[in-house]
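The next block holds one structure in the form of structure tokens; read it before the comments.
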Amino acid sequence: MEEIKTRYEEILHRIQVAKKVAPHSRKVTLLAVSKKQPLERILFLQESCLEDSISLGENYVQEYREKRDRLRPHIAHLIGALQSNKAREAVALFDCIESVHSEKLAGVLEKEAARIERQIPVFLQINISQDSQKSGLSETEFLKLVKNWPVQHRWLLLRGVMTITMDYGEPQRVREDYRRLYNLAESAFAQFPESFGGIPPEISMGMSGDFDIAVEEGATVIRVGSALFGPRG
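Residue 175 in this note's numbering is what sits at position 59 of the sequence shown, and the numbering runs on without skipping anything.
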């Protein structure tokens, strides 16, 4: 499994190269996406990189619950689609929920966070590609929700935006979507800084096939699975 550590180091190098043309100098966080990966691969990464704080990106509440206590201490982001009936468990398990794709879901999560009196960071998921096959807020819905955030949400801490783009087949074609998401997030922060707690929003975009482009266009969080762990299963 030494190739996992080699891939990890190569990904970090590629991030640094891409940052040279990024529109900011902020830190870029690598989320190790461990969906359907053998537990031993995840543990190997954690144990091989003890000097780094490994953050995990998780797609499924149940899968994460079953392995959480067997992992070394870590930060875990929920990045997969979240149904309202899983909101209670998600609020209790995760350090951050990136896939808040509707005003209704935000309301459900707020209620569950208030119930256990736990403030939790969240990202709003935006359908930047306007893809009918993808979940997420429209740009108009996003700005409306951000504007009203301090009034409607005490327990959810708005900390960023996330997108899953259309599958264009050619990585370079995604660049314009990433640029638009970055500009949208910057505009929202300029208009409503108090909604983000006065902290510039994190921008979660880019996966195994295009994370270099995402970093070049302003990503501060990238989600990498197969390019790090290898094929699933």
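Glycine is no exception: its CB is placed at the ideal position from the N, C-alpha and C atoms.
Take residue 214 and list the residues in its own chain whose beta-carbon comes closer than 6 Å to its own, dropping the five residues that flank it on each side.
Closer than 6 Å at the Cβ level, and outside the excluded window around residue 214, lie 193, 195, 239, 278, 320.
Anticipated Cβ contact below 8 Å, residue 328 with residue 123, distance rounded
Going by Cβ atoms, the distance from residue 328 to residue 123 rounds to 14 Å, so no, they are not a contact pair.
In terms of residue numbering, what span does the alpha helix (DSSP H) encompassing residue 296 cover?
291 to 307
Taking the alpha carbon of residue 72 as the point to measure from, which residue in 163, 173, 311, 284 has its own alpha carbon closest?
Limits of the chain in this structure are 117 at one end and 349 at the other, which puts residue 72 out of reach.
From 155, 216, 225, 201, pick the residue whose C-alpha is nearest to that of residue 186; which is it?
155
Quick one, are the C-beta atoms of residue 149 and residue 322 less than 8 Å apart?
no
Relative to the C-alpha of residue 203, which residue among 188, 217, 224 is closest?
Looking at the Cα atoms, 224 is the closest of the given residues.
Given residue 324, which residues of its chain have a CB within under 7 Å of its CB, disregarding the five upstream and five downstream residues?
340, 341, 342, 343
Bridge partners of residue 286, per DSSP?
None, per the DSSP bridge assignment.
Which stretch, first to last residue, makes up the beta strand (DSSP E) that contains residue 314?
Bounds of any beta strand (DSSP E) do not take in residue 314, whose DSSP letter is neither H nor E.
Could you have a look at residue 341 and say whether DSSP puts it in helix, strand or coil?
coil
If you compare alpha carbons, which of 302, 272, 252, 119 is closest to residue 212?
For residue 212, the nearest C-alpha among the options comes from 272.
Does DSSP classify residue 140 as helix, strand or coil?
Coil at residue 140, not helix or strand.
In the structure shown, what three-state DSSP assignment does residue 215 receive?
strand
Work out the CA separation of residue 132 and residue 117 for me, nearest whole Å.
Taking the straight line joining both Cα atoms gives about 24 Å.
Which residues does DSSP pair with residue 318 in a beta bridge?
276
Can you give the Cα-Cα distance for residue 164 and residue 145, rounded to whole angstroms?
18 Å
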